[in-house]
Every structure is written in structure tokens, then in C-alpha cells.
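Colleague: Supplied in C-alpha cells, the structure appears directly below.
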Amino acid sequence: MNDKVFSFLGLAQRSGNLVTGEDTCTAYIKKNAINLVIVAEDASNNTKKKFKDMTMYRNINFVIYGNKNELSHAIGKTNRAVYGIKDKEFAKKIFSLIKE
Numbered sequence: 001m002n003d004k005v006f007s008f009l010g011l012a013q014r015s016g017n018l019v020t021g022e023d024t025c026t027a028y029i030k031k032n033a034i035n036l037v038i039v040a041e042d043a044s045n046n047t048k049k050k051f052k053d054m055t056m057y058r059n060i061n062f063v064i065y066g067n068k069n070e071l072s073h074a075i076g077k078t079n080r081a082v083y084g085i086k087d088k089e090f091a092k093k094i095f096s097l098i099k100e
């Protein structure tokens, strides 16, 4: 796992550019206010499919990365499976780090 990804997630959280949880991310995606969606590897298959379909339809970057515990720890929360990055530049940077 890439520690820089977790650092950037924490920074996005502190700067108000991160939303978490299925319901919140779904609402922001529907408002076209999300530029990247990250779903934990240990999320349910239904959750992965739901967000993959939703992001493909709206042309939003989507990635499956990390597990719930690692991702949640990076932002100081517990048991979150879905993360939405609102800021375009944060989204680009995190997406490029994940793809390395």
C-alpha cells in the first residue's frame, strides 16, 4: 500500500474535500460534486458494483483500493468503505498515486 495515498486522504479530510459513507457519497455523486470515488477492497460486492455503475454513468474516476481499516484510520474515522474526493486536484493526485 502507498503511504502517500493515506496521507493525501487525511489531508483531503482536514481540508473538507472528502466525503465518506455510502449515502453521503451517493448524494454528492448525484450532484456531480465528486471527482474520484474510492471503495475499500473488503467492501461488499454489491457496494462495489453500485458505485462502479454510478461513476461510469457520470464519467467519474473510480478505484478499489485498500481495506476499510487502513482507509478509515487514515482519516481518523471508523469502518468506512466508500470515499468521495470533491476537489479536482486532490482527486487527480490521489488517483495518480494509486495507479503507480
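So the sequence shown is numbered by full-length UniProt numbering: it starts at 1 and just counts up by one.
A virtual CB, placed ideally from N, CA and C, is assigned to each residue, including glycine.
What ranges does the beta strand (DSSP E) occupy inside the stretch 31-95, keeping only unbroken runs of at least 3 residues that lie completely in it?
Modeller: 36-39, 61-64, 82-85
Colleague: Of the choices 76, 59, 39, whose alpha-carbon is the least far from that of residue 11?
Modeller: 76
Colleague: Could you tell me the alpha carbon to alpha carbon distance between residue 15 and residue 67, rounded to whole angstroms?
Modeller: The straight-line gap separating the alpha-carbon atoms of residue 15 and residue 67 is approximately 22 Å.
Colleague: Over the uninterrupted alpha helix (DSSP H) stretch that includes residue 15, give me the two end residues.
Modeller: Premise fails: residue 15 is in no alpha helix (DSSP H) and is neither H nor E.
Colleague: Spatial neighbours of residue 42 within its chain, please: C-beta separation below 7 Å, excluding the five flanking residues on both sides.
Modeller: 67, 68
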